[in-house]
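Sequence order for the protein chains is A and B.
Last residue of the first sequence: 236 in my numbering, with the numbers rising by one and none dropped.
Last residue of the second sequence: 236 in my numbering, with the numbers rising by one and none dropped.
C-beta atoms are modelled at their ideal positions from N, C-alpha and C, and glycine is treated no differently.
Input: a single structure, listed below in structure tokens.
2 protein chains.
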Amino acid sequence: MTKDAAPSAAGRPRLSGAPTGSPRQDIIREATALFVAKGYAETTMSEIARSAGLRQSSLYYWFARKEHILQALLEENRSSLALAAALEGQSGPAAPRLYAVLHADAMQLCSAPLDFYEFERVARSQPQNFGAFFDDYAALHRLTASIVRQGAESGEFQAVDSEDAATAALGLNEGLQRHYRQPLPGLRSYSAEQVSQLSADTTLARLLAASGNLAAVRAEAADIAAGWSAAAES
Amino acid sequence: MTKDAAPSAAGRPRLSGAPTGSPRQDIIREATALFVAKGYAETTMSEIARSAGLRQSSLYYWFARKEHILQALLEENRSSLALAAALEGQSGPAAPRLYAVLHADAMQLCSAPLDFYEFERVARSQPQNFGAFFDDYAALHRLTASIVRQGAESGEFQAVDSEDAATAALGLNEGLQRHYRQPLPGLRSYSAEQVSQLSADTTLARLLAASGNLAAVRAEAADIAAGWSAAAES
DNA sequence: CAGACTTTCAATAACTTATCGAAAAGGCGT
DNA sequence: ACGCCTTTTCGATAAGTTATTGAAAGTCTG
């Protein structure tokens with residue numbers, strides 16, 4: 003009944019004669035490529051079907067709605083939340099932990115198959131299917147605010163409202179990922195690493211009480227992120 | 003030939019019998035209301051026609067494409083660029099001038115009929131019609147970077163890359179206007195004034211060499227903006 | 001080998017943006 | 001008064017979109 007990853011040879015054969023190896027995964031893969039190239043709204047079910055080797059109406063056997071393809075695609079990209087959850091409860095200075103979280107979130111926004119805002123638009127039109135998206139966002143915001151609060155209480159950061167600071171930090175990530183994906187004509191264009199660094203640098207420079215430490219914070223953050231991803235492998 | 007704002011009684015009468023007073027303005031007004039309420043993509047030409055009191059196909063007599071309505075609507079919102087142009091060449095400390103520009107830009111993004119990103123999406127799909135949009139953006143970015151550079155050279159600001167700082171400042175404005183328009187569930191919601199202040203505060207706090215001056219900068223910026231808009235009236 | 005199950009397909013409904021030619025008025029010259 | 005030109009609106013329709021439906025074409029199981 004789950005009809006997931008079933009390389010069975012059953013069912014009516016395709017007109018195209020294309021070999022049917024896990025149609026669900028094939029569709030997701032082809033749809034991802036098209037979403038990356040043209041965006042979600044501009045990609046039609048007919049195009050996805052053509053790329054995946056079946057007819058437009060056959061697509062609806064695997065995904066009853068276009069949004070469901072996006073939903074299936076979403077459930078792979080949640081690593082920055084896991085990092086934030088791990089680092090929030092950790093002891094030690096807040097600055098490198100915050101830097102690591104913000105940098106990882108920005109990198110994920112840049113490398114995700116869909117623009118954050120396009121994704122948010124679809125999620126908002128189907129709240130019952132995309133509740134996890136909003137839950138994840140709220141969780142990330144809460145963890146970010148918590149790390150900011152830790153830094154403010156220890157004197158490492160300036161005295162700021164932690165919720166406002168988290169909103170600004172995440173909002174900056176979102177605003178800058180756009181500049182990575184769609185550079186505006188006449189402006190410098192950035193790599194994913196460059197926008198992530200610019201975003202995290204900007205937020206930390208605003209928060210740190212002693213502003214000279216930024217380079218050290220950045221280095222420590224890199225260590226933390228490397229250590230965490232190594233630990234996550236095992 | 004310009005067929006603009008022509009309250010002539012000529013032409014075939016409407017089936018709806020509605021009084022025909024400047025159809026072009028009527029359409030823009032009704033379309034604006036619908037765009038604000040539902041967004042651009044979700045508003046159909048049929049709905050606009052119904053609100054304006056004519057048939058869907060008759061709309062195309064006044065606007066050959068849906069984007070043209072948006073384009074007509076755009077040509078009213080360019081005040082923050084004018085402010086930036088006025089303040090960039092002005093003497094005196096950079097901080098309050100930058101604050102005033104960023105705050106005004108954020109307020110405009112919040113009060114505009116369309117979400118910045120939705121507008122950008124349409125503009126990108128019709129670059130030949132929306133070149134002014136990209137020109138304005140590039141100009142605003144250049145002026146912002148110029149003010150940042152003035153502050154950095156005078157020692158008022160920290161030593162930063164002025165282009166990066168401008169990108170981050172404007173990106174933060176854009177990211178935060180989204181939080182004003184569409185508050186995410188579980189997060190605090192902001193008024194237009196609150197997000198504008200949060201955005202400008204955050205950028206200035208990051209840039210100022212002496213971080214205690216923020217409240218004074220904010221007050222000076224309000225004076226500057228008030229003086230400028232009074233001067234613009236005459 | 002018969003029936004059940006799985007997968008694909010063509011046809012079609014309902015909606016969208018956009019085009020086209022005809023229709024319905026007013027204004028104007030004669 | 002009459003025909004003609006211009007302006008404006010309309011209905012019909014094309015081409016594209018997402019999504020539904022019932023039938024068709026295979027494999028698998030008892």
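- Put simply, of L104/A, S24/A, E176/A the residue whose alpha carbon is nearest the alpha carbon of A147/A is L104/A.
- Rounded to the nearest whole angstrom, the CA to CA distance from R26/A to L75/A is 11 angstroms.
- In the assembly as shown, A168/B is a buried residue. Its beta-carbon has 16 or more other beta-carbons within 10 Å.
- Of the candidates R14/B, V219/B, G94/B, G94/B places its Cα closest to the Cα of S156/B.
- At least one CB atom of chain B sits nearer than 9 angstroms to the CB of R126/A.
- At a C-beta separation below 7 angstroms, D166/B has these neighbours in chain A: L200.
- With fewer than 16 other beta carbons inside 10 angstroms of its own, R67/B counts as exposed.
- Segment contact: the region 110–130 of chain B against the region 176–185 of chain B, three or more CB-CB distances shorter than 8 angstroms; contact assigned.
- If you look at R126/B, you'll find it in the alpha helix (DSSP H) that goes 118–127.
- Around the Cβ of D137/B, a 10 Å sphere holds fewer than 16 other Cβ atoms; the residue is exposed.
- If you draw a straight line from the Cα of Q184/A to the Cα of G41/B, it comes to about 21 angstroms.
- Any Cβ of chain A closer than 9 angstroms to the Cβ of N131/B would place that residue at the interface, and such an atom is absent.
- The alpha carbon of L189/B has as its nearest neighbour, out of G173/A, A202/A, T204/A, the alpha carbon of G173/A.
- Cβ neighbours of Q199/B within its own chain (closer than 8 angstroms, five residues either side excluded): H105, R220.
- Per DSSP, the unbroken alpha helix (DSSP H) holding F135/B starts and ends at 133–155.
- In terms of beta-carbon proximity, Y63/A stays away from the interface with chain B, with every pair separated by 9 angstroms or more.
- Contact check for R31/A against G55/A fails: the beta carbons are separated by 9 angstroms or more.
- With respect to the 9 angstroms criterion, Y139/A and Y119/B are not classified as neighbours on the basis of their beta carbons.
- Linking A108/A to R52/B through their CA atoms gives a straight-line distance of about 43 angstroms.
- In this structure L89/A is not in contact with Q160/A, their Cβ atoms being roughly 20 angstroms apart against a cut-off of 8 angstroms.
- Under the Cβ distance rule, R220/B does not count among the residues neighbouring chain A, no pair being separated by less than 9 angstroms.
- Shortest Cα-Cα distance from N215/B to any of E235/B, E158/B, S193/B involves E158/B.
- Separation of G91/A and G229/A (C-alpha to C-alpha, rounded to the nearest whole angstrom) is 16 angstroms.
- In this chain, the alpha helix (DSSP H) harbouring Q179/B covers 164–183.
- Ranked by Cα distance from R126/B, the options R151/B, Q73/B, D163/B, A87/B are led by Q73/B.
- Rounded to the nearest whole angstrom, the CA to CA distance from A35/B to L186/A is 28 angstroms.
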